[in-house]
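Chains as they are written, first to last, in the numbering used here: chain A, -9 to 227; chain U, -9 to 227. Take a look at the structure below.
Number of protein chains: 2
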Amino acid sequence: MTKNCLNQENCIPIFSENSSGDFFSCNPWLLFFNRNKINYQIFSLKKNDTLLFNSSSRLYIILIGSLIITKVLRNTHKVTLNLLTTGDTFGQIELVDDNFYYEAEAIDKTEVACINYTTIIKACSNCAPFNLFFVNHLVFCSAKAYHFIEIISHKSITSRLASLLLLLAEQNGTQVNNGIMLNFTITHKILAQIIGSNRVSVTRILANLLKTKLISIQKKRIIVHSPVLLSQRILNQ
Amino acid sequence: MTKNCLNQENCIPIFSENSSGDFFSCNPWLLFFNRNKINYQIFSLKKNDTLLFNSSSRLYIILIGSLIITKVLRNTHKVTLNLLTTGDTFGQIELVDDNFYYEAEAIDKTEVACINYTTIIKACSNCAPFNLFFVNHLVFCSAKAYHFIEIISHKSITSRLASLLLLLAEQNGTQVNNGIMLNFTITHKILAQIIGSNRVSVTRILANLLKTKLISIQKKRIIVHSPVLLSQRILNQ
Chain A
-9 MTKNCLNQEN CIPIFSENSS GDFFSCNPWL LFFNRNKINY QIFSLKKNDT
41 LLFNSSSRLY IILIGSLIIT KVLRNTHKVT LNLLTTGDTF GQIELVDDNF
91 YYEAEAIDKT EVACINYTTI IKACSNCAPF NLFFVNHLVF CSAKAYHFIE
141 IISHKSITSR LASLLLLLAE QNGTQVNNGI MLNFTITHKI LAQIIGSNRV
191 SVTRILANLL KTKLISIQKK RIIVHSPVLL SQRILNQ
Chain U
-9 MTKNCLNQEN CIPIFSENSS GDFFSCNPWL LFFNRNKINY QIFSLKKNDT
41 LLFNSSSRLY IILIGSLIIT KVLRNTHKVT LNLLTTGDTF GQIELVDDNF
91 YYEAEAIDKT EVACINYTTI IKACSNCAPF NLFFVNHLVF CSAKAYHFIE
141 IISHKSITSR LASLLLLLAE QNGTQVNNGI MLNFTITHKI LAQIIGSNRV
191 SVTRILANLL KTKLISIQKK RIIVHSPVLL SQRILNQ
């Protein structure tokens, strides 16, 4: 359809769903980059490793893992902007001035692919299916930000934590016999950082949720027993 | 460059900045739709008029005015997701289930253009400059959501209100001799709705900001005298 697209027909099936086989060989972004000989870098982050970014010229794609995105206002304070997981991207935030920068902190073992943003834009104009994939991805990014807004719109820390657990259970949970188990371990300190609180408060609230049997811990992972009952806990605040 | 794009060369200058002349004749979206004979509808909303949307099949473009986007969870509560102004869009949020819907409430006289989302996607594939414009717009949408997160990440209502006034001054303000005047009048009730509070609290906090001369009111509009001093008020909470 466009003369610049060398193998458009080849790149259509890349964006079909494929959850079997080796993870990296079926990641839609990497499949597309590899088939079209597009250069990218891979960063492997351990838990608590932090990636600083203050330029909108690169796009970071989370291949696997989870990161907290934070805006750091120089000499003042930090604001947690989002919790991103496998398939999410960051880096395409505008830069206003020198008064702040962004950082991404891994909350689990995380692999990130990094690519120049101009390369992505060029790929969009050269390959219509990739362009559609990218447009849909950007719409999904806004939706993801709105999910985070639903968590922190609560003023009460108990409501924020219950909302976060519900979102994690929905997006990063696996059904087990007595509820939904989170796919990763998460420290009280990280939970506090996400919801803008402190470790002590989070430990106290989790102890209460455990006592009232709304959650339990198994193999160091949180299990949400009943999303309905937990969501009622939010409204009762 | 692509055989489907009838007048690609013509549509390039549409996306250049043009702030002179009649507003609607130089709106980039309308210019593009009109030149390419793309159908759209215009809705004129008065203050407090509400537009319900529970489908992601249409894109709404704010031609002029301001709206609050709210997620309404059936039988339970509402969450304000964002404050959108001239040039912003909404509607492209995913629909998960029947437990909620979205509404957009005008906080000022507002004109909205509405177009089928499939038409936008088709236009993207037919016209490369429009596609680039739309991709940049979607990136901007995420950034806008992050601005809102910065406001409601505060647990204190005073900090949320001060953050909101700073954002409004930056994005919807005009420099006057003694500070930055907001471009529209806004009621205490609407301010409360945006930050998840009530009218009484907002009135009390605004009275305090007036008393300490951080803001003043002129022609029913709020003037922020010093963004620096007001931002310090946030940190002191």
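By construction, the Cβ of each residue, glycine as well, lies at the ideal position given by its N, Cα and C atoms. None of the values given here were measured: they were computed from a predicted structure.
Y91(U) (DSSP reduced to helix, strand or coil): In the second sequence, residue 91(U) corresponds to position 101, counting from 1. Y91(U) falls in the strand class under three-state DSSP.
List the residues of chain C that A118(U) touches, going by C-beta distances under 7 Å, in chain order. Although the question refers to chain C, the structure presented lacks it and instead comprises the protein chains A and U.
Here's a check: name, in chain order, each residue in its chain whose Cβ is nearer than 7 Å to the Cβ of L49(U), leaving out the five neighbours to either side. The residue you call residue 49(U) lines up with position 59 of the second sequence. Around L49(U): T79, G81, Q82, I105, Y107 and I110.
Cβ neighbours of Q208(A) in the same chain (closer than 7 Å, five flanking residues each side left out): The residue you call residue 208(A) lines up with position 218 of the first sequence. Excluding sequence neighbours, Q208(A) sits near M171.
Name the residue from L20(U), A113(U), V192(U) and C117(U) whose alpha carbon lies nearest to the alpha carbon of I54(U). One-based indexing of the second sequence puts residue 54(U) at position 64. Checked all of L20(U), A113(U), V192(U) and C117(U); the closest Cα to I54(U) is L20(U).
So, are the CB atoms of R211(A) and T175(A) less than 7 Å apart? For this step, residue 211(A) is matched to residue 221 along the first sequence. For this step, residue 175(A) is matched to residue 185 along the first sequence. In contact: R211(A) and T175(A) (Cβ atoms closer than 7 Å).
Quick check on V190(A): buried or exposed, where buried means 16 or more other Cβ atoms within 10 Å of its Cβ? On the first sequence, position 200 is the one that residue 190(A) refers to. When all chains shown are included, V190(A) counts as exposed.
Chain U residues whose Cβ lies nearer than 7 Å to that of F43(A): Sequence index remark: in the first sequence, residue 43(A) carries index 53 (1-based). Within chain U, no C-beta atom comes nearer than 7 Å to that of F43(A); the closest sits roughly 14 Å away.
Within 10 angstroms of the Cβ of I147(A), are there 16 or more other Cβ atoms? Answer buried if so, exposed if not. The sequence position of residue 147(A) within the first sequence is 157, counting from 1. The Cβ neighbour count for I147(A), taken over all protein chains shown within 10 Å, is at least 16; the residue is labelled buried.
Between which two residues does the beta strand (DSSP E) carrying C104(U) extend? Looking up residue 104(U) in the second sequence gives position 114. Residues T100 to N106.
Exposed unless 16 or more other CB atoms sit within 10 angstroms - verdict on T164(A): For this step, residue 164(A) is matched to residue 174 along the first sequence. Result: exposed.
Skipping 5 residues on each side, what residues in its chain have a beta carbon closer than 6 Å to that of K201(U)? Here residue 201(U) refers to the residue found at position 211 when the second sequence is read from its first residue. Excluding the 5 residues flanking it on each side, K201(U) has no same chain C-beta neighbour closer than 6 Å.
Where T193(U) falls: helix, strand or coil (DSSP): As a working note, residue 193(U) is residue 203 in the second sequence. If DSSP states are grouped into helix, strand and coil, T193(U) belongs with the helices.
Would you kindly work out how many angstroms separate the C-alpha atoms of E247(U) and I59(U), rounded to a whole number? Within the shown structure, residues of chain U are numbered from -9 to 227, placing residue 247(U) beyond reach of any answer.
What residues in its chain sit with their C-beta under 8 Å from that of T40(U), if we drop five residues either side in the sequence? Along the second sequence, one-based indexing puts residue 40(U) at 50. Excluding positions up to five away in sequence, the list reads E93, A94, E95 and A96.
Exposed or buried, what is V27(U) when buried is set at 16 or more other beta-carbons lying within 10 Å of its beta-carbon? Here the question's residue 27(U) lines up with position 37 in the second sequence. The sequence shown places Lys at residue 27(U), rather than the Val named in the question. With fewer than 16 other Cβ atoms within 10 Å, it is exposed.
Along the chain, where does the beta strand (DSSP E) containing K61(A) start, and where does it finish? Taking the first sequence and counting its residues from 1, the one referred to as residue 61(A) is at position 71. That run of the beta strand (DSSP E) goes S56 to L63.
Please report the straight-line C-alpha distance between V129(A) and L196(U), rounded to a whole angstrom. For the purposes of this step, residue 129(A) is identified with residue 139 of the first sequence, where counting begins at 1. For the purposes of this step, residue 196(U) is identified with residue 206 of the second sequence, where counting begins at 1. Note on geometry: alpha-carbon atoms of V129(A) and L196(U) lie some 36 Å from one another.
Spell out a yes or no on whether the region 129 to 145 of chain A and the region 131 to 138 of chain U are touching, meaning 3 or more CB-CB pairs, one atom from each, closer than 8 Å. The region 129 to 145 of chain A is in contact with the region 131 to 138 of chain U.
Based on the DSSP secondary-structure assignment, which residues constitute the bridge partners of N72(A)? The residue given as residue 72(A) occupies position 82 in the first sequence. DSSP lists I59(A) as partners of N72(A).
So does L122(A) have its beta carbon nearer than 6 Å to some heavy atom of the ligand FAD? Absent from the structure shown: the ligand FAD. Ligands present: none.
Contact with chain A by K145(U), beta-carbon distance below 7 Å: The residue you call residue 145(U) lines up with position 155 of the second sequence. Closer than 7 Å to some Cβ of chain A, the Cβ of K145(U) qualifies, so yes.
In chain U, what lies closer than 7 Å to C131(A) by C-beta? On the first sequence, position 141 is the one that residue 131(A) refers to. For C131(A), the neighbours in chain U by C-beta distance under 7 Å run, in chain order, S132.
Determine whether the beta carbon atoms of I213(U) and G186(U) lie at a separation below 7 Å. For the purposes of this step, residue 213(U) is taken as residue 223 along the second sequence, with counting starting at 1. For the purposes of this step, residue 186(U) is taken as residue 196 along the second sequence, with counting starting at 1. Taking 7 Å as the Cβ cut-off, I213(U) and G186(U) do not qualify as a contacting pair.
Which listed residue (F123(U), G77(U) and P119(U)) has its alpha carbon closest to that of V102(U): On the second sequence, position 112 is the one that residue 102(U) refers to. Ranking F123(U), G77(U) and P119(U) by Cα distance to V102(U) puts G77(U) first.
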